[in-house]
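Structure first, commentary second.
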Amino acid sequence: MIDKEIVTKIIAEISDEENKELVQQEHEKVTVKEAEEAVELLRSFLESIANIGTESLGVIATLEKTVQLQKYFVRWQTSIKDFSSETTKCIFCKELNVIKSKQVCMCTGLR
1 MIDKEIVTKI
11 IAEISDEENK
21 ELVQQEHEKV
31 TVKEAEEAVE
41 LLRSFLESIA
51 NIGTESLGVI
61 ATLEKTVQLQ
71 KYFVRWQTSI
81 KDFSSETTKC
91 IFCKELNVIK
101 SKQVCMCTGL
111 R
């Protein structure tokens, strides 16, 4: 083999490895159901640890609320009018117009 062939072969191998990495990085969009199952699995794992701190469980609770909020919005967003802040209500406390009045929701801390 001459030097040019060796260099060409090495460049081709590097390109193949980079392409494989890019394919692995490309993920399909995660559904709300998949996110819900992942958070549930993570909660089960953390609860199985003997000396888990309350901070970790608090983070999981926040993740669960986030997924539940997304689940609510996916379920009820059927038209462009559903994006209006005038009709937004909290899924947890059912407080209406939290966004419109710029109040902070007591259960989620969201505006």
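With UniProt numbering as the guide, the letters of the sequence shown map in order to residues 1 to 111. Positions of the beta carbon are idealized from the N, C-alpha and C atoms, including for glycine.
query, result
"Decide if the stretch 39-46 is in contact with the stretch 3-20; the criterion is three or more beta carbon pairs, one per stretch, under 8 Å apart.", "no"
"Should residue 67 and residue 36 be called a contact, given that it needs their Cβ atoms to be closer than 8 Å?", "yes"
"Restricting to runs no shorter than 4 residues, where is the alpha helix (DSSP H) found entirely within the stretch 31-71?", "32-48"
"Identify whether residue 29 lies in helix, strand or coil by the three-state DSSP scheme.", "coil"
"With H, G and I counted as helix, E and B as strand and the rest as coil, what does DSSP make of residue 2?", "coil"
"Kindly list the residues whose CB is nearer than 6 Å to the CB of residue 117, restricted to its own chain and excluding five residues on each side of it in sequence; keep chain order.", "Because the chain here runs from 1 to 111, residue 117 falls outside it and cannot be looked at."
"Leaving out five residues on either side along the sequence, give the residues of the same chain with a beta carbon under 7 Å from the beta carbon of residue 29.", "none"
"Please report the Cβ distance between residue 70 and residue 39, rounded to the nearest whole angstrom; I am assuming they are in contact, meaning their Cβ atoms lie under 8 Å.", "Between residue 39 and residue 70 the Cβ distance is about 11 Å, and since that is not below 8 Å, they are no contact."
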